[in-house]
Each structure stands twice: as C-alpha cells, then as structure tokens.
Amino acid sequence: MTQSSKTAAGTPAAPADTFVPEDDALYFLPLGGSGEIGMNLNLYGHRGKWLMVDLGISFADDTMPGLDVIMPDPAFIAERRADLVGLVLTHAHEDHLGAVQHLWPELRCPVYCTPFTAAFLRAKLHEKGLSATVPIHEIPLGGTVEIGPFSVEYVTMTHSIPEPNALAIRTSAGTVLHTGDWKLDPDPLVGDIADEARLRAIGDEGVLALVGDSTNALVPGSAGSEATVRATLMELFGRYRDSRIAVSCFATNVARLESIAAAAAAHDRHVALVGRSLWRINEAARATGYLADVPKFLSEHDASYLPREKLVLICTGSQGEPRSALARIAAHDHPQVTLSRGDVVIFSSREIPGNERAIGRMQNQLVAQGVELVTADEAAVHVSGHPARDELVRMYQWVRPRIAVPVHGEQRHQQAHAALAEDCQVAHSIVPANGELIRLDGAEGAQVVAHVRAGRMAVDGKRLVPLDTGMMRARNRMVNNGAAVVTLVMTGTGELLTAPQVAVMGLIDEATDRDLVLDVIDAVRESVAMLPRSARADDAQVKEAARIAVRRCFNASHGKKPVTEVHLVRV
Numbered sequence: 001m002t003q004s005s006k007t008a009a010g011t012p013a014a015p016a017d018t019f020v021p022e023d024d025a026l027y028f029l030p031l032g033g034s035g036e037i038g039m040n041l042n043l044y045g046h047r048g049k050w051l052m053v054d055l056g057i058s059f060a061d062d063t064m065p066g067l068d069v070i071m072p073d074p075a076f077i078a079e080r081r082a083d084l085v086g087l088v089l090t091h092a093h094e095d096h097l098g099a100v101q102h103l104w105p106e107l108r109c110p111v112y113c114t115p116f117t118a119a120f121l122r123a124k125l126h127e128k129g130l131s132a133t134v135p136i137h138e139i140p141l142g143g144t145v146e147i148g149p150f151s152v153e154y155v156t157m158t159h160s161i162p163e164p165n166a167l168a169i170r171t172s173a174g175t176v177l178h179t180g181d182w183k184l185d186p187d188p189l190v191g192d193i194a195d196e197a198r199l200r201a202i203g204d205e206g207v208l209a210l211v212g213d214s215t216n217a218l219v220p221g222s223a224g225s226e227a228t229v230r231a232t233l234m235e236l237f238g239r240y241r242d243s244r245i246a247v248s249c250f251a252t253n254v255a256r257l258e259s260i261a262a263a264a265a266a267h268d269r270h271v272a273l274v275g276r277s278l279w280r281i282n283e284a285a286r287a288t289g290y291l292a293d294v295p296k297f298l299s300e301h302d303a304s305y306l307p308r309e310k311l312v313l314i315c316t317g318s319q320g321e322p323r324s325a326l327a328r329i330a331a332h333d334h335p336q337v338t339l340s341r342g343d344v345v346i347f348s349s350r351e352i353p354g355n356e357r358a359i360g361r362m363q364n365q366l367v368a369q370g371v372e373l374v375t376a377d378e379a380a381v382h383v384s385g386h387p388a389r390d391e392l393v394r395m396y397q398w399v400r401p402r403i404a405v406p407v408h409g410e411q412r413h414q415q416a417h418a419a420l421a422e423d424c425q426v427a428h429s430i431v432p433a434n435g436e437l438i439r440l441d442g443a444e445g446a447q448v449v450a451h452v453r454a455g456r457m458a459v460d461g462k463r464l465v466p467l468d469t470g471m472m473r474a475r476n477r478m479v480n481n482g483a484a485v486v487t488l489v490m491t492g493t494g495e496l497l498t499a500p501q502v503a504v505m506g507l508i509d510e511a512t513d514r515d516l517v518l519d520v521i522d523a524v525r526e527s528v529a530m531l532p533r534s535a536r537a538d539d540a541q542v543k544e545a546a547r548i549a550v551r552r553c554f555n556a557s558h559g560k561k562p563v564t565e566v567h568l569v570r571v
C-alpha cells in the first residue's frame, strides 16, 4: 500500500522536536529532491548518527528575480552536525554536489566520493577557497567505507557522467540500496556498464529498502544507449559538410564530448570548447584517465582562425542559461564566437522542465540569424541518463527490496514509480515529501514518524539567503508592481514645509508621465492634510496615509500597487 504524509495508523506525524528516535531503527529523511527534480539532499539516521547522501542545487526560474542558484536549507542537520558522520556523493552532477561549496561550512563533515567526482569537486571548492579545507576521501570504484554505524558500498552504474554509483548502505537495522541517478546502458562508451552481478548479490543478501530515481517512471521502454547518439552525430557531421557546426550538451556528459570529438575527427574537423564549465569537466576527466585518446580541445580564441568547415564548437547553454556561451552567441554578445547564415546548432540534450521559455527564446534568436537547428525531436542526438520503466522493472527483479521509496522526481513521477514497484511485488511503498522523517521497518513497512522543516536557500549576489522570507516576497512584488519612494519634510506639529517628493521605479517613465507624478504628489499632500492634528504628529500614521495615497493613485491609473517606502523628516 502506498503511503504518504501519514503514519501507518493514519494519524498525523509528530513534529521533529517532540520525536524521540529509536537507537536501533533506521530512518530516511529527504530535505531536497523529493517532489522535485534537483536539489538532492538525503539523510539516513541510525543509532544517533546521521549520514548525508548528496548535496545538490537547482536553478532559479522567472519567479525568483536576481537569483541563479537555489539549494536545500540544511538547518535541521546543521543543528546536529556533531552527529553528522559524513557526506557521501553518488556522482558529480550539480543537482547532487553543487551545494557543497556553499553549505559545507555549516556542516564541516568529511566527504566521500569516487576519483572523478573528487576531481570535479576540488575544482569547484578551489573557486571558493575551500580546496584545502574540505576533507575529501576518495573511494575506489566498487569500494566500501565504514562511516560511523553505516557501511557504504559503492556499486558501479551507468548514467550521463563518469562514475555514477548506487550505494548499498548497511546498518544493523537492514540494508538500503540508494540508487542515485542511473540507467542500464549496454554500451555507455565511457566507463563500465552497470554491475548487474553485484546488484543481484546485494539482493540475495536481503534489501530492506530501495530509495530510487523516479525521473523517467512514466516513460515506457528503456532510456537508450550513448552509442546511438555517437552514430547519429557521425551522420549529421557528414550531412553538414560545408557548415560551421555547434553542439550544445550538458557539460558533464564526458561520453558526449568523446562522441563529438570522434565524429569531428571522422570528418576532418577540430573541436573547440566554449564555456568555462566544459573546461572544468575536461580537466577533471583527463586528470582521472578519461578522454585519454581524444586530442586536446581548442580554445575559443584558437577556433576563430579555422575555416567554418573545419570546426566544431561544443558550447554550454543547452538550457538557455542567460550567461552561457550559446545564449551569448545567440544574442551577439560573445566576444570571440559568432554564428552566421548556413551554420547549424545541434541541441544534444533534453529540455529540463521550467527551462522551455529560455530555450525557446535562444533558439528563436539563432533562427533569426539564419542558423539551422537540430534537436532531439528531429534526430537521435540525445538519450536520457535516467531509467525508463523496463529498466526499473529489471532493478526490482535483481534487488527485491521489502520497501520502495521513490525519490528524485515530481509527485507524478514518484507515484508512477510506487505503482510500478507494487506491480513488481514489492510489499511496501511510500512516496516521501521533503521534510518527512520516515522509519524503515521490514515488518511494518515505512511510516512517516515526524516532520522537519525543509526550506530553501539561494545565492543572492555574494550572500546565501533563505527563500521563505519577506525580502524575496518584496522583491517579487517590486518586479510585478514597481516601487515608489515618498519623502516628506514636516514640522514637529505636522505641517508640510515643502511639497512631497515622489520617485517611481519600474512603473512609469517620469519624463513622459510627469502629470501623473504631480497627481500623486497632490494626493499625498491631501491625504496628509486630512489627518487630524494629533495624527499628523504621529510618524506611523503620516507614513501610512502617504503610502495608501500612492498605491491608490497607481491602482486607479495602472491597476498596480507599487511597493512604497515613505521617508519622513521632522524639522
């Protein structure tokens, strides 16, 4: 039976501060990545200690003006960091490790990961001045490490990045298989295939719960192989023999970089990387033995000297990120790279939900320049890195857990995953939400026993700020309604010494709407003058009268109520 947000008896779970955990029980607590794709932060609790799995980010959308990166609020575990025995990273994607550089100072725990992930993480930490501070323990592929009361075995999987790992987390209360991001690719081109034999053996040992990727739980069949993409790129590069070719893909897909390089070499082209994150991945890959047979990539500066028919550009920006290389090229804003009529851009990626508008805007700019586009709708230039339904079925056949805990997906993905697990004869399933503390028990199944605050943080310039504060609500109101500042100079008894001054931002053009501003000034003056003498001597009442007058004027003329600040000077 699928459960969510209730205990097995159907009664509401307790708040975390009143819940007393059982020492020998095993608990699962997602603070990010459940009910959403991205921002993964998962905690396992046992014998008074906590193990964190992944610490990722997501990217802000149009509802978060001025922000780029968002991440889970780790307040619950930061308050208990003396009991946090370690952070285990499954792989090097941003939604699984991108928050480490921002949040580790609050956690100060050892970090465990395989060599490629470690190389990538060190580069990110270097940018924050933390490379010599964060203790990173490299675990070999297939290795096992003891971390407090947890024994963690890394199990090799396939995904769209080198060294993805499932984690067999063993405790005295049972074993959990935390899948991370995975797929079953028979020919991944870079790295090994998924370790089916080890997964079967873990299943034979007995698995209490499978905490698993739900991204493609609604997609029939299998995700597809990276080898198919390479064959398609080979054909496309031959078709566009006389064009400059640009390919945009997820920077972390090292197999895709290798495939692009192979297709370019087959057609006598050189490859240049355009975008800092591509260079970061290139350096991490080569430092850990990947891309060994691929010639060194050219810089964007070097690429400018090559004829268009001899060049392939790999560009960041497949998701339309505003400052990415391809977005700047599309906007004629890149200092060294341009595209022109007859060139082609291959989008070797999929649209992440929420990015459709930004991608569409960028693609329209490219088309306006006479650039031809090739997307996954027209050719097999991308395969997903996540398991479709047939692959999920095979995983359940191998592992045979007593409990299914679908994570890494929106509610519809998690619910579909839970239903599929039940079809695979899994005895219990639970669809978690962020902040639900779940007790995992083989006999009783999974129960939500407490609720924990699961907030959001964001990088705002040089600061980390919480998203659920009045500051962000005010910023959104200013974006949607504009802002106004009123200055009043009055005597102590409440007489105006000069006309009110009104400045309006983001709502009108003061040069052409001067008459409206004068109307607002008159309305403020009248509103203050109508106050009783005692009220005019009260700063709070004067400010409120002026604020209401401004908002009423603009609501009448524009249907907007600007965020209004009133400065009152008493002379």
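150 is the number that the UniProt record's numbering gives to position 150 of the sequence shown; each next residue is one higher, with no gaps.
From the three backbone atoms N, C-alpha and C, an ideal C-beta is built for every residue, glycine too.
Note that this is a predicted model, so its numbers are computed, not measured.
Going by other Cβ atoms of all chains shown within 10 Å of its Cβ, with 16 needed for buried, is residue 1 buried or exposed? At residue 1 the pLDDT is 45, less than 50, meaning the model places this residue with poor confidence; the figure from the coordinates comes in the next sentence. Flag for residue 1 reads exposed.
CB contact flag (residue 297, residue 273, <8 Å): Yes, the pair counts as a contact, with Cβ atoms nearer than the cut-off.
Under 8 Å: do the stretch 187-207 and the stretch 300-319 share three or more Cβ pairs, one atom per stretch? no
Taking the alpha helix (DSSP H) that residue 571 belongs to, which residues open and close that run? From DSSP, residue 571 is part of no alpha helix (DSSP H); its letter is neither H nor E.
For a quick check, are the C-beta atoms of residue 383 and residue 224 less than 8 Å apart? yes
Same chain only: Cβ atoms within 7 Å of residue 302, ignoring 5 sequence neighbours per side: 272
Quick check: the Cα distance between residue 74 and residue 372, rounded to an integer number of angstroms? For residue 74 and residue 372, the distance between alpha carbons rounds to 45 Å.
DSSP state of residue 9, grouped into three classes? With a pLDDT of 40 at residue 9, under the threshold of 50, the modelled position of this residue cannot be trusted; read the value that follows with caution. Note: residue 9 maps to coil in three-state DSSP.
Put residue 81 into one of helix, strand or coil per three-state DSSP. helix
Would you check if the distance between the CB atom of residue 185 and the CB atom of residue 93 is smaller than 8 Å? no
Is residue 624 helix, strand or coil by DSSP? Since the first residue shown for the chain is 1 and the last is 571, residue 624 is missing from the structure and cannot be characterised.
Return the Cβ separation of residue 360 and residue 341 in integer angstroms, given the expectation that the two are a contact with Cβ distance under 8 Å. In fact, because the Cβ distance is near 21 Å, the residues do not count as touching under 8 Å.
Considering only DSSP beta bridges, list what residue 45 is partnered with. 27, 50
Give the straight-line distance between the Cα atoms of residue 19 and residue 81, rounded to the nearest whole angstrom. Inter-residue distance for residue 19 and residue 81 is about 18 Å (C-alpha atoms, whole angstroms).
Within a Cβ cutoff of 7 Å, which residues of the same chain sit near residue 55, ignoring the five residues on either side of it in sequence? 41, 87, 97, 99, 100, 103
Under the three-state reduction of DSSP, which class applies to residue 480: helix, strand or coil? helix
If I measure Cβ to Cβ from residue 555 and keep anything under 7 Å in the same chain, skipping five residues before and after, which residues do I get? 561
From what residue to what residue does the beta strand (DSSP E) around residue 313 run? 311-315
Cα-Cα separation, residue 454 to residue 90: 21 Å
Quick check: the Cα distance between residue 564 and residue 506, rounded to an integer number of angstroms? 12 Å
Rounded separation between residue 133 and residue 551 - CA only: 51 Å
List the endpoints of the continuous alpha helix (DSSP H) containing residue 305. From DSSP, residue 305 is part of no alpha helix (DSSP H); its letter is neither H nor E.
For residue 352, the three-state DSSP class (helix, strand or coil): coil
Counting Cβ pairs closer than 8 Å, one from the stretch 392-410 and one from the stretch 251-268, do we hit at least three? Verdict: no, contact absent.
Give me the residue from 279, 387, 248, 377 with the minimum Cα distance to residue 328. 248
Compute the Euclidean distance between the alpha carbons of residue 8 and residue 449, then round it to the nearest angstrom. With a pLDDT of 42 at residue 8, under the threshold of 50, the modelled position of that residue is not reliable, and no figure is offered here.
Would you call residue 109 buried or exposed, if buried means 16 or more other Cβ atoms sit within 10 Å of its Cβ? buried
Where residue 259 sits in the DSSP three-state scheme: Per DSSP, reduced to three states, the secondary structure at residue 259 is helical.
Beta carbon of residue 67 nearer than 8 Å to that of residue 458: yes
Would you check if there are 3 or more beta carbon pairs closer than 8 Å linking the stretch 433-442 to the stretch 25-33? At 8 Å Cβ cutoff, the stretches touch.
For residue 59, which residues does DSSP report across the bridge? 69
Measure the beta-carbon distance from residue 148 to residue 208 and round it to whole angstroms, keeping in mind my assumption that it falls under 8 Å. Incorrect: roughly 18 Å between the Cβ atoms, too far for contact.
Sheet register partners of residue 15 (DSSP bridge): 451
Classify residue 163: buried if its beta carbon has 16 or more other beta carbons within 10 angstroms, exposed otherwise. buried
Cβ-based burial, residue 462 [other Cβ within 10 Å; buried from 16]: exposed
Three-state secondary structure (DSSP) at residue 523? Of the three classes helix, strand and coil, the one that applies to residue 523 here is helix, per DSSP.
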